[in-house]
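Here the working numbering is used: position 152 in the sequence shown is 614, and no number is missing along the way.
Every residue gets a Cβ at the ideal spot worked out from N, C-alpha and C, and that includes glycine.
Owing to the predicted nature of the structure, the values given are computational and were not obtained by experimental measurement.
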Amino acid sequence: GRRNYRLAMVKPLLLAVLFSFLSLIAINLANAETDSELFSRGEKFLNNSEFDSAIKTFQTLIDKYPYSKFIPYAIYDQALAFLEIGEYQQAEANFKRIGRDFSYLKDLIPKAQFGLAECYLRMGKDDLADSIYSSLLNKDLAKAPDVLFNKAWVYYKQDKWDLAAAFFKRMV
């Protein structure tokens with residue numbers, strides 16, 4: 463009697479809970495984005511100057527797909543977004559992480575170094591920026607005009623007019 467009554471009352475409740483749970487799984491699967499989709503969406507936000515959205519999207523990718531091939535590029539792009547909103551310590555940490563964890567990516571390392579130097583320049587750490595720019599001038603000739611300009615700018619900010627002029631002249 464009583465046992466069957468309880469079972470009859472619990473069964474619909476259990477079925478309702480199970481149905482709700484399965485519905486949530488189905489919704490999450492339908493809304494799940496691949497690492498590629500998240501990376502593309504993050505880049506769109508970054509290119510549209512929607513830096514907070516870019517940072518969050520790249521962080522979702524980093525958290526959700528820690529072994530994705532997009533991770534180093536998401537960290538780099540997130541660093542660029544941090545740089546644009548003035549979160550220099552976060553940008554610095556990301557740029558350094560690329561150099562530390564992904565040194566085998568020869569296409570990304572010079573970009574990350576240049577980003578780190580730019581970060582230091584904005585933080586007022588001109589000597590650190592100058593050191594990186596000097597190192598880059600010896601390695602990455604494709605970036606030479608940007609590096610020369612920024613190196614000249616470091617000297618200009620330090621009132622080292624002759625050095626600044628010499629680097630500006632090398633650009634023309």
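Fill in: the region 536-554 touching the region 575-582, judged by at least three CB pairs closer than 8 Å
yes
Discussion item. Let's see if you can read the secondary structure: which residues bound the alpha helix (DSSP H) around residue 498?
Written reply: 497-509
Worksheet item: With distances taken between CB atoms, is the gap from residue 544 to residue 517 smaller than 8 Å?
Response: yes
Discussion item. Can you give me the C-alpha to C-alpha distance between residue 531 and residue 564, rounded to a whole angstrom?
Written reply: 11 Å
Discussion item. According to DSSP, is residue 528 part of a helix, a strand, or is it coil?
Written reply: coil
Item to complete: Excluding the 5 residues preceding and the 5 following residue 585 in the sequence, name in chain order all residues of the same chain whose CB lies nearer than 7 Å to its CB.
Response: 550
Item to complete: Give me the Cα-Cα distance between residue 621 and residue 495, rounded to the nearest whole angstrom.
Response: 51 Å
Worksheet item: Going by other Cβ atoms of all chains shown within 10 Å of its Cβ, with 16 needed for buried, is residue 592 buried or exposed?
Response: buried
Discussion item. Let me check understanding here. Comparing Cα to Cα, which of 529, 537 and 528 lies closest to residue 505?
Written reply: 537
Discussion item. Measuring only the C-alpha atoms, how far is residue 527 from residue 562?
Written reply: 19 Å
Worksheet item: Is the beta carbon of residue 598 sitting closer than 8 Å to the one on residue 575?
Response: yes
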